[in-house]
Ligand SMILES: Cc1cc2nc3c(=O)[nH]c(=O)nc-3n(C[C@H](O)[C@H](O)[C@H](O)COP(=O)(O)OP(=O)(O)OC[C@H]3O[C@@H](n4cnc5c(N)ncnc54)[C@H](O)[C@@H]3O)c2cc1C
Ligand SMILES: Cc1cc2nc3c(=O)[nH]c(=O)nc-3n(C[C@H](O)[C@H](O)[C@H](O)COP(=O)(O)OP(=O)(O)OC[C@H]3O[C@@H](n4cnc5c(N)ncnc54)[C@H](O)[C@@H]3O)c2cc1C
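Residue numbers (this note's numbering), protein chains in the order written: chain A, 673 to 1129; chain B, 673 to 1129; chain C, 51 to 110.
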C-alpha cells in the first residue's frame, strides 16, 4: 500500500499532522523512535508545567497566613520531589495515552522505530519498507552540548545535564547552576528557586531572554533576583570542573557551584537519516517556504526541525498547514502572529512586534502600557506585579504586538492573538466590554491608552 | 458655575463616567452619599473576589500532599476569618483610595451627600445647589427583602442578612442558608462551602443560575453538590422562624437551619429623589435607549439603575457611552456582547447567545464543545473539570455565543468577546495559533470542531 | 502605501456574496471598521439603485 503521507516523528508537529491528514481522508503512516508526543509531551512543555504547578502552590502555601489560613507550621513544610514527579509522570502518561488513542481512532498507522529515508517516497523502519506520496519531516530537536572544557567528563559523571535529565532527577538539587538565559533556562530557574534550591543562572549577554521585549525581560530578571536567583550576566563559560562552572566575568574568574549543572545553551535540529534527500539547510534547520514545503517537492518539514522557532503550538500549526497544502487546501502560516510564553512567576506572554521592531519597520507607533497594580482583580488575588504593553500603528490603530507580564499572562495573550488574527485595532479592543473584575480589563485599559487615555490610570 | 455633567452616584457607572467626561474636557460634578466605588468596590465585585481567593487557596492547601508538598498537618489548618477580612478590607481601601485619587487628578468635583434632583438641570446635595447641562443617574441598586413571613424579625435579630452584611460578618457561620440561586448566591455558596460552613442553597426553580446556559448551570450545580452544598430546588419559602427557613418542597414542609440566612432574592434600582423628573420606568428600572438617554433629553441613566443587567463592567461601559453621546461622539452599547462571569470553583463565563436562543432567533446553528479533560494545561494544573461550548451560525461561521466552565473561565472569555466584537468567525479562531500549553487551546479546538473536527478529541 | 480596508470577517464574506466593492463602503464600527450592518445597508441601497455595478472583491 502507498500512503498519502508518511510522517517522521510523533511530536506535536508530527502527531497533529497525522491526525489532521487522517481527518482529511488520507492514509497515514507515522514513525516514531521513542515516545508518542515527542519532546513536548514527554520532556518539554507538559512535565515542566506540571512541576511548575507544584512549585507555585508551594509559594502560595508560604503566604497562607496572609490570606487567612492558619495552622501551617512553615518550618515543617517541605518539598516531596518524588511525589511531585509521580504526579508529573501520571499527567504525561495520561496525555501520551490520549494521543495514542486518538491516532488509533483516526486510523493512523504508527510504526515504532527509527525512520531512515531511502528516497522521497520511501522510508525504512524496523526492517520494513514503507512507501508514500508525500513526506512530512517532524523529527524535532535536541539539546546542544557545546564544546566547553570539562563538559564531556561532567556529562559522564552526571553533573552536567540537559532539560531531559533535569526532569528525571532522583532528588532535588541543593544547588544548581543553569547555563543559559533562554525560556527553558528561566523556567527551570523559576522551578528550582521556588522549591528551595540555590540557583545560579549564567547568561552570556547583559540580560536574560534576549528574544523577548526588553521591558518584560528586564522586569522578570529583577523579579527573579529579588526572589533569590543569582543571575550572572555578561559572562563567558571557561570550563566545567567537578561540580563547578568556571566563568569569566568582566576579566575576573568566577566559580559557580552546583550539585547539577543544567546546560541550556540551545537546541539543534534532528536531521540524521535524511541525508539522501539533499535538503536545503541552514544552521537552524531545514529550509521551508510558507507552505512548509522544502526544496524537494512533496517533502515538507514542520516544527523544531525547520528551525524557525522552537514552539510546540507552531509545530502543530505547521503540521496542519503542511497537510492542508498536501490535500490541496492552500494555506500558510502567518509568522507575525506566533505567541511565545514563559511560565515563570509571574508569567510572560508575547506576540508580534516590539516597540523597537515596529519603529524599525517604519511604522508610526503608538505604545500604551497599563500596570497590574491598578487592576482590581490583580489586587484581589494579591498578584499585582507586571503590566500589559500594546504596540499599535497610528494610522488605523492596528495592533502590531502585545507584551504581557502577569500572573496569568499565558491565558491573557489569546485575546491579543485573535485580535491580531482579525487585523484588530485598539478601537475594537477598547470598545469590547471586558468583564469586571478580570485581568483582561488591563488589555482594554491599555487599548484606551493607545487611543487617548486609560480610565484607571 | 454650570457643570457640563452632574453625575449621581459614584459606583462603576458613575465614577467611570466622571473620569471619562473630565478626560473629554468637561466640568464634572460627582455626587455620592456613601463610599466612592459604589457597591462594586465596597460591597460587591471586589470584596467577594478577595475572599474567594482565600477560599480557593484553602482548597488548594488541602490538596498539597497530592502536589508534592509535605508537612502540613491537615487536622490543624483552619480559616482565620478575621485575617481574611483584614486583607479583603485592605484591598478595598486601596482601590477606593485609588479611584478617589483618579477623580482628583482628573479634576472631578466630588460632593459627599445624598443628591436630590430639583429639576433636570439642578441637584441639591448637603445644603448646596448645583447646576448642570446634563445629568447622569448612576444610583445603582440594593438588595430586595421580599415580604416573607418572619423576615423583618430575622433582620432585626441579625439572622437574615444581605450580601452587604455577609461581607462584614464577625465570624464564619457554622451553617448558612442562602435564599436564591443567582450569581451572587452561587458565589457565596462557593465561598462558605470552601471555608467549611454547612451551606444550604434554596432555589425556587428546578436549577440554579436560570439565566446561564443550561449545561453550564447544571454542571456547576452537580459540582457544588459533590462538594457538599445542599441545594434544595423547586422550593417555596414559607417563612423564617428563628434561625430556620421553612420551605415547601413538593408539598412537604422542609426546615433548613443556619446561623445566618443570606437573602439573595434580587436587587432593585435606587430611584428615590428622582421623582420630580417624571422618568419612564418599568419594574427593572429607568428606561433608556441605546445611547443611555432616558425619556427626558439630557438625562441619562447608566448601570444597575436602568435595570438592563446588574454588571459592573456594563455599568462602566454605559457610563463611557453616555458621556461620549453627551459630548457629541455618537456611540451605543451592543447588548449582544456583554459577558457574565461567576467566580465559582470552577469558574463560569459566558457571552452571547445560547444554543436555544440562537435557534429561536432562526439561525442555522453549529454547536461545538470541547472538554478540559482533553487539554494538556488543564491536566498539568490538576484542574480538568469543565468545557468550552461555541455557538456559531453556519452561513459565515460567525460566533454567536461562547459558554465556558473552567478554572480560569473568567480570563478565557475575553478572547470570545473581542472575537464577537469584530464579528469573528470560527475560521478566524481556528486559524489563530494559540500557545501551548494553555487553556485557550480549548477555544481553538472548539472552533475546529465547529468547522469540522477538533484535533484532540 | 495602498489603503487598507478595516472590515470584520463576516462583513468581508457578506460583501463578497453580495458582489459589493468593500472599498466603497463606509464603516461605522470602532475606528471606522466596516461591520456586517454596513454591508447589509449597502446591499439594500444597491437593490434600490439597479444601475449600480457590482464589483467583486476577494476577501483578505
Ligand atoms: C524543557 C522544555 C520545555 C518546553 N516548553 C515548551 C512550552 O511550554 N511551550 C512550547 O510551545 N514549547 C516548549 N518547548 C519546545 C517544544 O517542546 C518543541 O518546540 C516541540 O516539542 C517541537 O515539536 P516537534 O514535533 O517539532 O518535535 P519533537 O517534539 O522534538 O518531536 C520529534 C519526535 O521525532 C522523533 N524522531 C526524530 N528523528 C526520528 C527518526 N529518524 N525516526 C523516528 N522518529 C524520530 C523523536 O523521537 C521525537 O519524538 C519546550 C522544550 C523543552 C526542551
Ligand atoms: C455581592 C455582589 C457581588 C457582585 N459581583 C460582581 C462581579 O463580580 N462582577 C460584576 O460585574 N458585578 C458584580 N456585582 C454587581 C455590581 O456590583 C453592580 O452591577 C455595580 O456595582 C453597578 O454599578 P452602578 O454604578 O450602577 O451602581 P452602584 O455600584 O450600586 O453604585 C451606586 C452608588 O450611588 C450612590 N447613590 C445612590 N443614590 C444616591 C443619591 N441619591 N445621592 C448620592 N449617591 C447616591 C450609592 O451610595 C452607590 O455608591 C456584584 C454585586 C454584589 C451585590
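C-beta: ideal position from N, C-alpha, C; glycine also. From a predicted model like this one, the values you see are computed outputs, not experimental measurements.
Can you tell me whether DSSP reads residue 953 of chain B as helix, strand or coil?
If you number the second chain from 1, residue 953 of chain B lands on position 281. In the structure shown, residue 953 of chain B sits in a strand (DSSP, three-state: E or B).
Whose C-alpha, out of B/1057, B/1058, B/709, B/738, is nearest the C-alpha of residue 752 of chain A?
Within the first chain, numbered from 1, the residue matching residue 752 of chain A stands at position 80. Considering only alpha carbons, the answer is B/738.
Between residue 1082 of chain A and chain B, is there a C-beta pair that is closer than 9 Å?
The count along the first chain starts at 1 and reaches residue 1082 of chain A at position 410. Closer than 9 Å: yes.
What are the uninterrupted segments assigned as beta strand (DSSP E) that are 3 or more residues long and contained completely in the stretch 969-1006 of chain B, given in chain order?
971-973
Buried or exposed: which applies to residue 1092 of chain B, given that a residue is buried once 16 or more other Cβ atoms fall within 10 Å of its Cβ?
In the second chain, residue 1092 of chain B corresponds to position 420, counting from 1. Classification for residue 1092 of chain B: buried.
Along chain A, in chain order, which residues have C-beta atoms closer than 9 Å to that of residue 695 of chain B?
On the second chain, position 23 is the one that residue 695 of chain B refers to. Near residue 695 of chain B (Cβ distances below 9 Å), the residues of chain A are 1124, 1125, 1127.
Under 9 Å, Cβ to Cβ, is there at least one residue of chain A near residue 1018 of chain B?
By 1-based counting over the second chain, the position of residue 1018 of chain B is 346. For residue 1018 of chain B, the answer is no, since every Cβ of chain A falls outside 9 Å of its Cβ.
Taking 8 Å as the cut-off, is the beta-carbon of residue 1107 of chain B closer than that to any non-hydrogen atom of ligand 1?
For this step, residue 1107 of chain B is matched to residue 435 along the second chain. For ligand 1, at least one heavy atom lies less than 8 Å from the Cβ of residue 1107 of chain B.
Kindly indicate which three-state DSSP category residue 1066 of chain A falls into: helix, strand or coil?
The residue labelled residue 1066 of chain A in the question sits at position 394 within the first chain. Note: residue 1066 of chain A maps to coil in three-state DSSP.
For the stretch 1014-1041 of chain B, list every residue whose C-beta sits within 8 Å of some C-beta in chain F, in sequence order.
Going by chain labels, chain F is absent from the structure shown, which instead holds the protein chains A, B and C.
Flag residue 913 of chain B as yes if its beta-carbon sits less than 9 Å from any beta-carbon of chain C, otherwise no.
Counting from one through the second chain, the residue named residue 913 of chain B turns up at place 241. Residue 913 of chain B does not count as touching chain C.
Counting pairs of Cβ atoms below 8 Å between the stretch 716-734 of chain B and the stretch 862-872 of chain B, do you hit three or more?
yes
For residue 791 of chain A, name the three-state secondary structure that DSSP assigns.
Residue numbering aside, residue 791 of chain A sits at position 119 when the first chain is read from its first letter. Looking at residue 791 of chain A - three-state DSSP - the assignment turns out to be strand.
Run the CB neighbour count on residue 690 of chain B, radius 10 Å, all protein chains shown included, and call it buried at 16 or more, exposed below.
Counting from one through the second chain, the residue named residue 690 of chain B turns up at place 18. Buried is the call here.
Return yes when the Cβ of residue 846 of chain B is within less than 9 Å of the Cβ of residue 870 of chain B, no when it is not.
Numbered from its first residue, the second chain carries residue 870 of chain B at position 198. Numbered from its first residue, the second chain carries residue 846 of chain B at position 174. Yes, they are a contact pair.
Between B/741, B/790, B/840, which lies nearest to residue 760 of chain B when the distance is taken from Cα to Cα?
Residue numbering aside, residue 760 of chain B sits at position 88 when the second chain is read from its first letter. Checked all of B/741, B/790, B/840; the closest Cα to residue 760 of chain B is B/840.
Along the chain, which unbroken stretches of the alpha helix (DSSP H) at least 4 residues long are found entirely within the stretch 716-776 of chain A?
717-734
Say the cut is 8 Å; is the CB of residue 720 of chain B nearer than that to a heavy atom of ligand 2?
Taking the second chain and counting its residues from 1, the one referred to as residue 720 of chain B is at position 48. Yes, ligand 2 has a heavy atom inside 8 Å of this Cβ.
Step through the CB atoms of chain C and report whether any lies within less than 9 Å of the CB of residue 1099 of chain B.
Counting from 1 along the second chain, the entry for residue 1099 of chain B is found at position 427. Closer than 9 Å: yes.
Return helix, strand or coil for residue 876 of chain A, following the three-state DSSP convention.
If you number the first chain from 1, residue 876 of chain A lands on position 204. In this structure, residue 876 of chain A counts as coil in the three-state DSSP scheme.
If we count the other Cβ atoms within 10 Å of its Cβ and call it buried at 16 or more, is residue 832 of chain B buried or exposed?
Here residue 832 of chain B refers to the residue found at position 160 of the second chain. So residue 832 of chain B counts as buried.
Enclosing alpha helix (DSSP H) for residue 888 of chain B [first to last residue]
Walking along the second chain from the start, residue 888 of chain B turns up at place 216. Where residue 888 of chain B is concerned, the enclosing alpha helix (DSSP H) starts and stops at 886-898.
Under the assumption that residue 684 of chain A contacts residue 1108 of chain B (Cβ atoms under 8 Å), give the Cβ distance between them as a whole number of angstroms.
The sequence position of residue 684 of chain A within the first chain is 12, counting from 1. The sequence position of residue 1108 of chain B within the second chain is 436, counting from 1. Indeed, because the Cβ distance is near 7 Å, the residues count as touching under 8 Å.
Report the option in A/938, A/1072, A/1054 whose CA atom is closest to the CA atom of residue 1034 of chain A.
Working through the first chain from its first residue, we reach residue 1034 of chain A at position 362. Here the closest residue by C-alpha is A/1072.
Could you check whether the Cβ of residue 68 of chain C sits closer than 9 Å to any Cβ belonging to chain B?
Locating residue 68 of chain C in the third chain gives position 18, where the first residue counts as 1. Not one chain B Cβ lies under 9 Å of residue 68 of chain C.
Whether or not the stretch 75-93 of chain C and the stretch 1015-1026 of chain A are in contact is what I'm after, with contact meaning three or more pairs of Cβ atoms, one per stretch, closer than 8 Å; do they touch?
No: fewer than three Cβ pairs fall under 8 Å.
Would residue 1069 of chain A count as contacting chain C if we go by Cβ distances under 9 Å?
Numbered from its first residue, the first chain carries residue 1069 of chain A at position 397. Answer yes: the Cβ-Cβ gap between residue 1069 of chain A and chain C drops below 9 Å somewhere.
Please determine, among A/913, A/916, A/888, A/882, the residue with the shortest C-alpha to C-alpha distance to residue 906 of chain A.
Reading the first chain from its first residue, position 234 is the one you call residue 906 of chain A. A/882 is the residue among A/913, A/916, A/888, A/882 whose C-alpha sits nearest the C-alpha of residue 906 of chain A.
Where the beta strand (DSSP E) containing residue 1093 of chain A begins and where it ends
Counted from its first residue, the first chain places residue 1093 of chain A at position 421. Boundaries around residue 1093 of chain A are those of the alpha helix (DSSP H), 1081-1093, since no beta strand (DSSP E) includes it.
Alpha-carbon spacing of residue 860 of chain A relative to residue 720 of chain A, whole angstroms:
For this step, residue 860 of chain A is matched to residue 188 along the first chain. For this step, residue 720 of chain A is matched to residue 48 along the first chain. Straight-line spacing of the CA atoms in residue 860 of chain A and residue 720 of chain A works out to 8 Å.
Within chain A, the residues that residue 985 of chain B reaches when beta carbons sit closer than 7 Å
Position 313 of the second chain, counted from the first residue, corresponds to residue 985 of chain B. By Cβ distance, chain A contributes 1105, 1106, 1107, 1108.
Could you check which residue in A/815, A/1031, A/788, A/1041 has the C-alpha nearest to that of residue 1116 of chain A?
The count along the first chain starts at 1 and reaches residue 1116 of chain A at position 444. Nearest C-alpha to residue 1116 of chain A: A/1041.
Alpha helix (DSSP H) containing residue 915 of chain B: first to last residue?
To locate residue 915 of chain B, count along the second chain from 1; it is residue 243. That residue, residue 915 of chain B, is in no alpha helix (DSSP H); it is neither H nor E in DSSP.
Proximal residues to residue 756 of chain B (C-beta, below 7 Å), its chain only, five neighbours per side dropped:
The sequence position of residue 756 of chain B within the second chain is 84, counting from 1. Same-chain partners within the cutoff: 723, 726.
Per DSSP, residue 786 of chain A forms a beta bridge with which residues?
Numbered from its first residue, the first chain carries residue 786 of chain A at position 114. Answer is none; residue 786 of chain A lacks a bridge partner.
Can you look up residue 936 of chain B in the DSSP assignment and give me helix, strand or coil?
As a working mapping, residue 936 of chain B is identified with position 264 in the second chain. Three-state DSSP puts residue 936 of chain B in coil, outside helix and strand.
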